[in-house]
Structure formats: C-alpha cells, structure tokens
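Notes for the one structure printed next.
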Amino acid sequence: MKTMRVAATIPIYTLRMTLLLPNKLQAMGIPRLVDVSNVTDTRSLRLSHAVQRVMFWAEAGRHAYKDDGIEWDQKPQLEVIANRPYIFFVRWRNVTLLNGNFVL
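Numbered according to this note's numbering, the sequence shown spans residues 264 to 367.
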C-alpha cells in the first residue's frame with residue numbers, strides 16, 4: 264500500500280453524518296478527553312457517549328471547498344466520480360471516524 268491523493272467528485276447533496284466521540288477519540292489515542300478519573304467530584308460528570316450530529320450543505324461550483332474546510336494544495340493522483348452516492352465512511356488508520364449519508 265502507498266499514500267495517494269484522491270479527489271472525489273459528487274453531486275450537490277446535503278451530507279448528514281454522526282460521530283460517536285468517546286470511542287473514536289480513544290481509538291485515535293486521545294483518551295484523556297473522555298477520561299474523568301482525575302476529576303475530584305465525578306458524581307455529576309459522566310460521559311457514557313457523546314454524539315456529534317453534523318450537516319454540510321454543498322455549494323455549487325467546481326472548487327467550492329470553503330464550506331467544509333477542504334482545500335486541495337496539489338493536483339490529486341486519482342479522481343473518483345460518484346454519480347449517485349448514498350452512504351460514506353471516513354477512515355483513519357483502520358478507525359472509522361465518520362459515517363453518514365447523502366440527503367437530497
């Protein structure tokens with residue numbers, strides 16, 4: 264396997280995704296953000312799970328990356344075109360960071 268820059272071209276959709284924070288942060292090696300063992304009074308503080316619900320609205324235009332913070336510095340080595348996508352997964356080092364679906 265090798266590292267490669269890939270650009271994905273998708274139709275204009277609304278992206279709806281859910282991120283389950285504690286398990287993802289722990290899998291990424293950042294367990295201190297969800298660890299409350301060092302807090303003196305933990306009776307009222309417990310993080311069993313946290314859900315971040317995210318929605319992006321696509322902006323018309325070939326280089327409209329500013330709405331979701333994506334910027335391409337170099338030309339991608341591979342371009343993937345998805346005509347009618349439905350679900351997606353974003354993975355980092357065998358950890359699924361985000362999953363979601365495309366909504367019209």
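Ideal Cβ positions, reconstructed from N, Cα and C, are used throughout, including at glycine.
Since this is a predicted model, take the numbers as computed values, not measurements.
| request: Check the DSSP bridge columns for L341 and list the partner residues they point to. | output: Start at 1 with the first residue of the sequence shown, and residue 341 comes out as number 78. For L341, which the question treats as bridged, DSSP gives the partners V269.
| task | Put W355 into one of helix, strand or coil per three-state DSSP. | result | Taking the first residue of the sequence shown as position 1, residue 355 is located at position 92. Assigned with DSSP and collapsed to three states, W355 falls in strand.
| task | For L341, count neighbouring Cβ atoms within 10 angstroms of its own Cβ and tell me buried if that reaches 16, exposed if not. | result | Looking up residue 341 in the sequence shown gives position 78. Using a 10 angstroms sphere on the CB of L341, the tally of other CB atoms stays under 16, which defines it as exposed.
| Do you know whose CA, among Q289, V358, Q337 and R356, lies nearest R268's CA? | What you label residue 268 is simply residue 5 of the sequence shown in a count that begins at 1. Closest in alpha carbon position to R268, among Q289, V358, Q337 and R356, is Q337.
| said: Pop quiz: V358 and A271 are said to be a contact at Cβ under 8 Å. What is the actual Cβ separation, rounded to whole angstroms? | reply: Within the sequence shown, the letter at position 95 stands for residue 358. Within the sequence shown, the letter at position 8 stands for residue 271. 20 Å between Cβ atoms; not a contact.
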